[in-house]
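**Q** Residue numbers (this note's numbering): 2 to 492.
Positions of the beta carbon are idealized from the N, C-alpha and C atoms, including for glycine.
Keep in mind that this is a model prediction, so the values were computed, not measured.
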RNA sequence: GUCCCCAUCGUCUAGAGGCCUAGGACAUCGCUCUUUCAAGGCGACGACACGGGUUCGAAUCCCGUUGGGGACGCCA
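Printed below as a string of structure tokens:
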């Protein structure tokens, strides 16, 4: 009760943080914060082939982008470091020695090719679970030690009890029982001397005093092995909580072929971390029957493992997109403008240095599309017409523009009056156009639609008056004249 | 194949034996607001996988079937 909760997120640095990993990290983060515990970040890089420094950096960046800060781990340190497995080899060596001494582990000299072929045969025969046949299990220790000392290639295996069962008391799955006899004497240390995943996790989780292991469902069947290892090591078992996996639309494990699956890809597409967090939280967890929008703090206040669901969830980009729109719209103007300008700079629609008037103008312009976009990355596209002198009409706009021919005089007058307008403001423009439609006895749309087409090159845009004001008199007149000319109306 | 897990609208889910004529959200489709497009408002469509039990009563408990997923590596 009084013991402090310690959870961990332990990705292997083999690429960007992906959706599934992010969700696991999030649940650990929320649980830690909710319980006023500690979140440890540990890099599982014992696979030297696949782990890269770049990946490590990217994962850390992705975590930061999401705002999932860790209390112990790379960059921040902590009392149980180092926090990458490649730097903890001494610890594993000490532990393996202990296991050897207590008789829980043994040397195995079986060559990998032999094991591989035996496994294949077993599979083909359609045998029960293929498992190590225990050839080296009964090797006398002195002999094994001598062979190992003579540099004969070997691995270390854990002796699994051949009878009885191992039971997991899982916080989300309940009680799960595995018969020990279906388990392998699995490898703890590879021929190259590096620990395997199962060995390193347990050694580290124990050493780092992890109290709760919250991780993907795919690890459930590893858990009995790990429990055996905890027991062999004489360590206390943590609480396990296996959260459901995230699948692609075809119900197979979410992977690259399902499109963007890395957190980073969403960051670049203009998703807000707040939206990502909110959406991810709802994948496998729900607070009640009504609430879908949660601030980070609300998530922390309300998160509980009891409410984590058991079934796998399909990742739905459409809902994420919707939610992102909600978050963009709910941004304060200041907050929004800050992010929007960064996006425009990135797209080179703006360039630094930005003087005050230019900045103020860009901010106003960006604000006009705030309600319309669902991703920040849509900004350059949706604001394109604000930039440059001329504008190119798309097909739909072309058609609208043609309609100006039905009232050529009105548009000529519009052009003439705009040219001499003293103050090119929303109010003045509105008054002017009001006057024109009244005089010509036409509907607002008859005037607005072709005008919009000529000015923005499209059939939809923010409010036309704001657009005109922002664009300014000169460019407006120029574009209007060009547009009218293109449909045969000379001004 | 063996072991393990899971099973409510197309999707994410609420639901711990009577509150369920099964609730919410996304998507879809209408209508509405409107100078356009979004957004918003209103509404529609839409699910307890199947079969047996248990019980006065089952989406909820038990068993089986089917379906999906995961694990079975000197990957993590």
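Could you tell me the distance, in whole angstroms, from the CA atom of residue 255 to the CA atom of residue 373?
**A** Cα to Cα, residue 255 sits roughly 30 Å from residue 373.
**Q** Using a Cβ distance threshold of 8 Å, determine whether the segment 81-95 contacts the segment 41-50, with at least three qualifying pairs required.
**A** With the cut-off at 8 Å, the segment 81-95 and the segment 41-50 touch.
**Q** Under 8 Å Cβ to Cβ from residue 486, same chain only, skipping five residues before and after it: list those, please.
**A** If we look at residue 486 and ignore the five residues flanking it on each side, its Cβ neighbours are 492.
**Q** I need the straight-line Cα distance from residue 475 to residue 346, nearest angstrom please.
**A** Taking the straight line from one Cα to the other gives about 24 Å.
**Q** Just verifying my parser: in three-state terms, what is the DSSP assignment at residue 20?
**A** In this structure, residue 20 counts as helix in the three-state DSSP scheme.
**Q** Which first and last residues belong to the alpha helix (DSSP H) in which residue 457 is found?
**A** 445-457 is the extent of the alpha helix (DSSP H) around residue 457.
**Q** Identify the residues that DSSP records as bridge partners of residue 73: which are they?
**A** DSSP, once it has assigned bridges, lists 41 as partnering residue 73.
**Q** Assuming residue 241 contacts residue 172 under a Cβ cut-off of 8 Å, what Cβ separation, rounded to an integer in Å, is found between them?
**A** Confirmed, about 7 Å.
**Q** Just tell me which of 156, 141, 422, 484 has its CA closest to the CA of residue 109.
**A** For the residues 156, 141, 422, 484, the minimum Cα distance to residue 109 belongs to 156.
**Q** What's the call for residue 423, buried or exposed, on a 16-neighbour Cβ count within 10 Å?
**A** Exposed, since its Cβ has fewer than 16 Cβ neighbours within 10 Å.
**Q** Evaluate residue 226 with the Cβ neighbour count: other Cβ atoms within 10 Å of its Cβ, from every protein chain shown; 16 or more gives buried, anything less gives exposed.
**A** Residue 226 comes out buried.
**Q** Do residue 203 and residue 230 have their C-beta atoms closer together than 8 Å?
**A** Yes, the pair counts as a contact, with Cβ atoms nearer than the cut-off.
**Q** Kindly provide the ranges of any beta strand (DSSP E) runs that are 3 or more residues long and lie completely inside the segment 198-259, ordered along the chain.
**A** DSSP runs (the beta strand (DSSP E)) wholly in the segment 198-259: 213-217, 240-244.
**Q** For residue 467, which residues from the same chain have a beta carbon less than 6 Å from its beta carbon, with the 5 sequence-adjacent residues on both sides left out?
**A** Taken in chain order, the residues that qualify are 369.
**Q** Which value, in whole angstroms, describes the spacing of the CA atoms of residue 137 and residue 78?
**A** Those two C-alpha atoms are separated by around 41 Å.
**Q** Quick one: using the 10 Å Cβ neighbour count with 16 as the cut-off for buried, is residue 252 buried or exposed?
**A** Exposed, because fewer than 16 other Cβ atoms sit within 10 Å of the Cβ of residue 252.
**Q** Measure the Cβ-Cβ separation of residue 375 and residue 490 and say whether it is below 8 Å.
**A** Contact: no.
**Q** Since residue 408 is in the beta strand (DSSP E), which residue starts that stretch and which ends it?
**A** Unbroken run through residue 408: none, as it is neither H nor E.
**Q** What number of angstroms, rounded off, separates the C-alpha of residue 458 from the C-alpha of residue 390?
**A** Going by the C-alpha atoms only, they are around 12 Å apart.
**Q** Please confirm whether residue 316 and residue 31 have their CB atoms less than 8 Å apart.
**A** No, the pair does not count as a contact, with Cβ atoms beyond the cut-off.
**Q** Thinking residue 392 and residue 453 are a contact (beta carbons under 8 Å), I'd like their distance in whole angstroms, please.
**A** Going by Cβ atoms, the distance from residue 392 to residue 453 rounds to 11 Å, so no, they are not a contact pair.
**Q** Can you list, in chain order, the residues of its chain with a C-beta nearer than 6 Å to that of residue 249? Leave out the 5 residues immediately preceding and following it.
**A** Result list for residue 249: 255, 259, in chain order.
**Q** For the alpha helix (DSSP H) containing residue 326, name the first residue and the last one.
**A** First-last of the alpha helix (DSSP H) with residue 326: 318-331.
**Q** Within 8 Å, do at least three Cβ pairs link the segment 35-42 to the segment 67-75?
**A** Segments in contact, yes.
**Q** Comparing C-alpha positions only, which one of 217, 321, 415 sits nearest to residue 439?
**A** Measuring from the Cα of residue 439, the nearest candidate turns out to be 415.
**Q** If we call anything under 8 Å between Cβ atoms a contact, is residue 366 one with residue 471?
**A** Contact: yes.
**Q** Per DSSP, what kind of secondary structure is residue 484 in: helix, strand or coil?
**A** Three-state DSSP puts residue 484 in a helix.
**Q** Which first and last residues belong to the alpha helix (DSSP H) in which residue 357 is found?
**A** Start and end: 357-369.
**Q** Helix, strand or coil for residue 314? Go by DSSP, reduced to three states.
**A** Three-state DSSP puts residue 314 in a strand.
**Q** Please say whether residue 277 and residue 448 have beta carbons closer to each other than 8 Å?
**A** Contact: no.
**Q** Taking the alpha carbon of residue 344 as the reference point, which residue from 123, 363, 427 has its own alpha carbon closest?
**A** Comparing Cα positions, the closest option is 363.
**Q** Between which residues of its own chain and residue 17 is the CB-CB distance below 8 Å, once the five residues before and five after are set aside?
**A** Cβ within range, chain order: 56, 59, 60, 63, 263, 264, 265, 266.
**Q** Among residues of its own chain, excluding the 5 on either side of residue 300, which ones have a beta-carbon nearer than 8 Å to its beta-carbon?
**A** Excluding sequence neighbours, residue 300 sits near 31, 278, 279, 282.
**Q** Where residue 437 and residue 331 are concerned, what is the direct C-alpha to C-alpha distance, given to the nearest angstrom?
**A** Using only the alpha carbons, I get a separation of about 37 Å.
**Q** Using only the alpha-carbon positions, how far apart do residue 186 and residue 135 sit?
**A** Answer to the nearest angstrom: the Cα atoms are 7 Å apart.
**Q** Kindly list the residues whose CB is nearer than 6 Å to the CB of residue 236, restricted to its own chain and excluding five residues on each side of it in sequence; keep chain order.
**A** If we look at residue 236 and ignore the five residues flanking it on each side, its Cβ neighbours are 207.
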